[in-house]
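Presented below is the structure to which this report refers.
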Amino acid sequence: MHIRRLRKGCGVLHGTPGPAEAIGTVMVTGEDLDGLPIGPLFRVVDGVVTEEVIFDVPEEFTLPAGYSKSWTFYFSMDYATKITWEAVADAEFDVNPANNSVTEETVVNRAKGGGAGH
14 MHIRRLRKGC
24 GVLHGTPGPA
34 EAIGTVMVTG
44 EDLDGLPIGP
54 LFRVVDGVVT
64 EEVIFDVPEE
74 FTLPAGYSKS
84 WTFYFSMDYA
94 TKITWEAVAD
104 AEFDVNPANN
114 SVTEETVVNR
124 AKGGGAGH
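In this note's numbering, the protein residues as written are 14 to 131.
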């Protein structure tokens with residue numbers, strides 16, 4: 014099992030090639046340039062932002078051999094910064110825990126004024 018990719022708003026976990034399923038948890042966190050946590054992170058279902066907060070605790074998963082799982086989330090900010098995201102997976106019988114984490118960065122630019130104008 015390993016974390017394949019992490020991009021803004023989406024964490025992707027890639028399962029073990031087999032023969033057994035992977036059972037464990039994954040945690041995604043974000044931190045701005047000042048070391049402040051990003052959040053809350055809201056679960057997105059079928060493209061709709063819900064009120065359910067995710068990754069306040071690790072999310073549990075069960076992956077059949079060869080399958081992947083994605084978690085899509087929404088967050089909002091009102092200041093410019095760089096976010097360092099980290100995703101960490103933990104599975105009890107994982108034979109290669111060295112590939113169970115990934116970090117990525119997102120640059121957030123502050124909005125610059127109006128659209129329609131009057």
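Just so you know, even glycine gets a beta-carbon here, dropped at the ideal spot from N, CA and C.
Note that the coordinates shown come from a computational prediction; the quantities given were computed from them, not determined experimentally.
Per DSSP, the bridge partner or partners of residue i
i, result
"Val102", "Inspection of the sequence shows that residue 102 is occupied by Ala rather than by Val. Partner(s): Val39."
"Tyr87", "Phe55"
"Glu117", "Trp98"
First and last residue of the uninterrupted beta strand (DSSP E) at residue i
i, result
"Phe74", "72–76"
"Val108", "No beta strand (DSSP E) holds Val108; DSSP gives it neither H nor E."
"Glu65", "61–67"
Within-9 Å CB hit, residue i to chain B
i, result
"Ser89", "This model lacks chain B altogether, as it is built from one protein chain only."
Distance between beta carbons of residue j and residue i, contact taken as under 8 Å
i, j, result
"Val195", "Pro71", "Outside the modelled stretch of the chain, which goes from 14 to 131, sits residue 195, for which no answer is possible."
CA nearest to the CA of residue i, picked from the options
i, options, result
"Thr134", "Thr85, Arg123, Thr119, Val121", "Lying before the first or after the last residue shown, residue 134 is absent from the chain, which here runs from 14 to 131."
Check: Taking three-plus beta-carbon pairs below 8 Å as touching, is the segment 105–125 in contact with the segment 29–48?
Finding: Flag = yes, the segment 105–125 and the segment 29–48 touch.
Next item on the list: Could you say if the segment 90–99 and the segment 37–46 meet the contact criterion of at least three C-beta pairs nearer than 8 Å?
Entry: Proximity of the segment 90–99 to the segment 37–46 meets the contact definition, three or more beta-carbon pairs being nearer than 8 Å.
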